[in-house]
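Colleague:
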Amino acid sequence: MSETQQPLIKLAGVGKSYPLVQKGGHQLAQVWSRLRGTEPSHVFKALQDISFDVYKGQSVGLVGVNGAGKSTLLKLIAGVVKPTTGRLERRGRIGALLELGTGFHPDYTGRDNIYLACALMGLSHADTQSRIDGILAFADIGEHIDQPLKHYSSGMVVRLGFAVATSVVPDVLITDEVLAVGDESFQKKCIVWMENYLNNGGTLLLCSHSMYHIQKLCKQAVWIDQGRIREKGLSANVARNYLAWHEEKGRPSKVANVSSKTASQDTEGIYHVESMNLNGIDKQQVISLNPQSDLTVSGTVYSPDGRTPHIAVGIVRADGTPIYGIVSEMDMHALKANAQGLYPFEIVFKHLPLLPGRYVARSHAMDPEGMRLFDHVEQSFDVLGDSRELGYVHLEHHWVEK
Amino acid sequence: MYACSALTVAWRHRALLWALTRRDIQNRYTGSVAGALWAFMHPLALLALYAVVFEAVFKVKVPNLFTGQPYVLFVALALWPWMAFQEAVMRGTTAVQQNGALVKKVAFDHELLIYSAVLSCFAIHGVGFAVVLVILGVLGFNIHFLGLLSLLAFVPVLLLMALVLALLLGALQVFVRDVEQLLSQAMTVLFYATPILFPMAIVPRWLAEAMHYNPLVHVIEPLRNGLLGQGSFDAESIAWVAFVSVIAFAVARAFFLRLSPYFEDMV
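Residue numbers (this note's numbering), protein chains in the order written: chain A, 2 to 403; chain B, 17 to 283.
See the structure below:
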């Protein structure tokens with residue numbers, strides 16, 4: 002349905018060049034060339050030939066290494082920067098969180114800063130006044146609001162910035178690494194806000210180095226590399242390939258080329274789960290279990306560099322609520338390579354105490370350090386029965402006669 | 017059309033313009049104990065200094081001036097409009113550069129930075145001028161208060177002139193940092209090329225002819241004459257100056273808007 006609408010943001014062959022700093026009279030020459038409408042002779046092409054559309058309700062993540070041009074792209078879309086080449090169309094109110102607390106002045110009180118920041122977003126004085134209670138509540142700064150900003154902790158400044166920026170619900174929200182700052186509870190608050198925003202039909206453009214945030218908040222992703230689009234598509238795919246590319250880069254040049262033939266094409270470079278079975282049945286089908294029967298999760302893990310990977314296996318409710326998870330590293334269990342260079346694993350959950358309902362078994366390949374989680378393979382299964390017990394798990398119990 | 021749309025922009029973003037102007041004014045006084053009181057102290061101190069130097073030491077007498085109108089009054093009436101103009105141009109010139117953080121991160125009309133810088137200077141020195149006029153009036157100096165009405169014509173024109181220079185130089189300063197340095201030199205020259213410390217009447221003819229190319233001459237001199245109750249209000253002259261200023265403003269704004277998309281590259 003959304004495909005037939007006009008996109009909120011449309012980029013067609015957009016490029017942005019920055020003039021390289023030069024000495025002497027070149028600055029005057031630059032002014033002259035700008036006035037005539039020509040480009041300066043020495044430029045750095047920060048972005049080239051960027052084309053994609055963002056429709057209402059979409060959430061798009063931008064990934065890429067530092068200096069790839071992500072921030073420039075967000076600035077273009079936010080309207081801070083004009084494209085040098087190509088066409089950029091924007092519709093609706095675009096809210097930009099390029100840097101929380103931009104325009105805040107340390108000598109003024111939080112309240113004064115709210116008024117200026119709101120004015121920068123185009124709010125009238127009366128509009129700001131009607132929103133100020135909501136902003137104060139979200140920022141949760143208390144009596145400090147009438148203190149100069151320089152006495153705030155950095156967390157308070159960030160909270161105030163986010164509260165101001167989200168006081169007007171924009172048609173498109175653009176954020177740049179905003180989630181990287183602030184403490185845990187603030188991040189949670191932001192994520193909850195963004196999820197609500199997305200659920201209410203909001204449109205999000207998120208730039209982050211956290212593939213977790215990208216995959217959690219964005220359905221689509223665009224990978225920018227050296228000023229060009231390297232890949233666009235579903236965020237899970239883009240994030241996986243992006244991580245794979247990083248692995249490739251970080252890998253020592255001597256490659257243990259064990260089983261590249263058995264690995265599927267797009268996940269070649271990273272640790273990943275090659276296959277997964279539940280009770281010996283492969284992932285295409287939903288299997289059914291009787292209550293208290295055994296569940297065996299088995300499969301193979303691929304290692305790109307011949308080092309022994311770890312495997313994480315977990316069980317979640319169909320809605321994603323986690324129930325149990327375990328990593329081979331926690332149990333000091335080491336996988337062993339088979340003849341094809343893959344690492345088979347098998348874990349048995351005896352007398353699975355789950356209550357009737359649909360569950361999902363997940364497995365993730367992890368690096369030999371047990372630090373990073375790479376992929377995500379899952380298979381659903383049903384637990385049968387008509388128990389009236391509540392919750393997810395049957396807990397052993399007995400009633401005591403009194 | 018460039019001049020009219022400036023008003024549209026200013027009106028549409030009046031909340032931002034107001035907030036920026038307020039910030040500019042607050043910027044100078046926050047953290048100081050006396051706060052905005054300095055806005056009053058500064059002109060008074062300057063006035064006292066001029067009184068001592070010119071009245072007690074130099075005993076300057078201006079020819080053609082009515083009796084009972086001392087030199088300090090003569091200077092004061094031209095000095096405050098000049099200070100407003102000069103400071104507005106200087107601050108306007110660095111306005112975009114100094115707000116680089118905003119220019120880099122927020123999408124807004126950059127011209128508002130220039131307007132707020134100029135307006136804040138006129139506001140501060142406007143208050144200073146009012147204080148000086150009141151003090152001089154209370155002290156019994158013969159100020160022609162009907163001349164105050166003529167300020168309604170002269171001050172907007174002076175403001176327009178400051179805006180013209182601030183727009184031109186403010187845009188240029190982003191690219192060429194030498195502008196600020198050159199400007200302080202140029203302002204000293206302009207100060208003496210404008211009848212502030214002296215009346216045009218005592219300037220030799222050849223020099224006066226050259227000075228007439230300085231548009232400030234056509235504002236400062238009649239403004240002071242009005243307040244001194246000398247001469248008559250020359251509506252035709254001020255209308256002509258105003259007309260030229262509006263044209264110049266339109267050109268300056270076109271120049272600024274042409275360069276403003278590239279500010280982010282440079283600040």
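Glycine is no exception: its CB is placed at the ideal position from the N, C-alpha and C atoms.
Everything numeric in this text was worked out from a predicted model, so none of it was measured.
(1) To the nearest angstrom, how far is it from the Cα of B:V122 to the Cα of A:K189?
(2) In chain B, what lies closer than 8 Å to A:G80 by C-beta?
(3) In the DSSP assignment, find the alpha helix (DSSP H) that holds A:G111 and state where it starts and stops.
(4) Residues in the same chain with beta-carbon distance under 6 Å from A:R363, minus the five sequence neighbours each way, listed in chain order, please.
(5) Do you know how far the Cα of A:E390 is from the Cα of A:W400?
(6) Taking Cβ-Cβ distances below 7 Å as the criterion, which residues of the segment 190-213 of chain B are in contact with chain A?
(7) Could you compute how far the alpha carbon of A:R35 sits from the alpha carbon of B:L168?
(8) At the level of alpha carbons, what is the spacing between B:I218 and B:A26?
(9) Out of A:Q286, A:R241 and A:P292, state which residue places its alpha-carbon closest to the alpha-carbon of A:H273.
(10) With a threshold of 8 Å between beta carbons, is B:K77 in contact with chain A?
(11) Sorted by chain position, which residues of the same chain lie with C-beta nearer than 7 Å to A:K17's C-beta, five sequence neighbours on each side aside?
(12) Whole alpha helix (DSSP H) runs in the segment 343-382 of chain A with 4 or more residues, listed along the chain?
(13) Taking the Cβ atom as the reference point for each residue, do A:F105 and A:L150 lie within a distance shorter than 8 Å?
(14) Tell me whether the beta-carbon of B:K35 lies closer than 8 Å to the beta-carbon of A:A120.
(15) Which residues in the same chain have their Cβ closer than 8 Å to the Cβ of A:T322, if we skip the five residues on either side of it in sequence?
(16) Would A:V96 and A:L161 be called neighbours here (beta carbons separated by less than 8 Å)?
(17) Closest Cβ-Cβ distance between A:L117 and chain B: below 8 Å?
(18) Label A:Y213 either buried or exposed according to how many other C-beta atoms from any shown protein chain fall within 10 Å of its C-beta, with 16 as the threshold for buried.
(19) Find the nearest neighbour of A:N201 within the set A:V193, A:L207 and A:A319, judged by alpha-carbon distance.
(20) Any contact between the segment 49-63 of chain A and the segment 216-234 of chain A? By contact I mean 3 or more CB pairs, one from each, below 8 Å.
(21) Relative to chain B, which residues along the segment 9-37 of chain A have a C-beta separation below 7 Å, given in chain order?
(22) If the cut is a Cβ gap below 7 Å, which residues of chain A does B:Y278 touch?
(23) Output needed for A:Y19: all residues of its chain with C-beta closer than 6 Å, excluding positions within five of it in sequence on either side, in chain order.
(24) Tell me which residues of the segment 55-86 of chain A have at least one Cβ-Cβ distance to chain B shorter than 9 Å, keeping chain order.
(25) Return the residues of the segment 132-155 of chain B that lie within a Cβ-Cβ distance of less than 7 Å from chain A, sorted by chain order.
(26) Please confirm whether B:D250 has its beta-carbon closer than 8 Å to some beta-carbon of chain A.
(27) Below 7 Å, is the gap between the Cβ of A:Y325 and the nearest heavy atom of the ligand HEM?
(28) If you measure between the beta carbons of A:G404 and A:F375, is that distance less than 8 Å?
(29) Keeping to the same chain, check which residues put their C-beta closer than 7 Å to that of B:Q113; ignore five residues upstream and five downstream.
Modeller: By the coordinates alone:
(1) 26 Å
(2) A123
(3) G111 to L121
(4) G315 and E379
(5) 15 Å
(6) F191 and V192
(7) 38 Å
(8) 42 Å
(9) A:R241
(10) no
(11) A47, L48, T73, L77, V82, P84 and T85
(12) none
(13) yes
(14) In the sequence as displayed, the identity of residue 35 of chain B is Ala instead of Lys. Result yes, Cβ atoms of B:A35 and A:A120 sit closer than 8 Å.
(15) Y393
(16) Just to set this straight, residue 96 of chain A is Gly in the shown sequence, not Val. No. Outside cutoff.
(17) yes
(18) exposed
(19) A:V193
(20) yes
(21) Y19, P20, Q28, L29, Q31, V32, R35 and L36
(22) R35
(23) F45 and A47
(24) K76, A79, G80, V81, V82 and K83
(25) none
(26) no
(27) Here there are no bound small molecules, and the ligand HEM is not part of this structure.
(28) With chain A running from 2 to 403 in the structure shown, residue 404 of chain A is simply not present.
(29) Q189, V190 and V283
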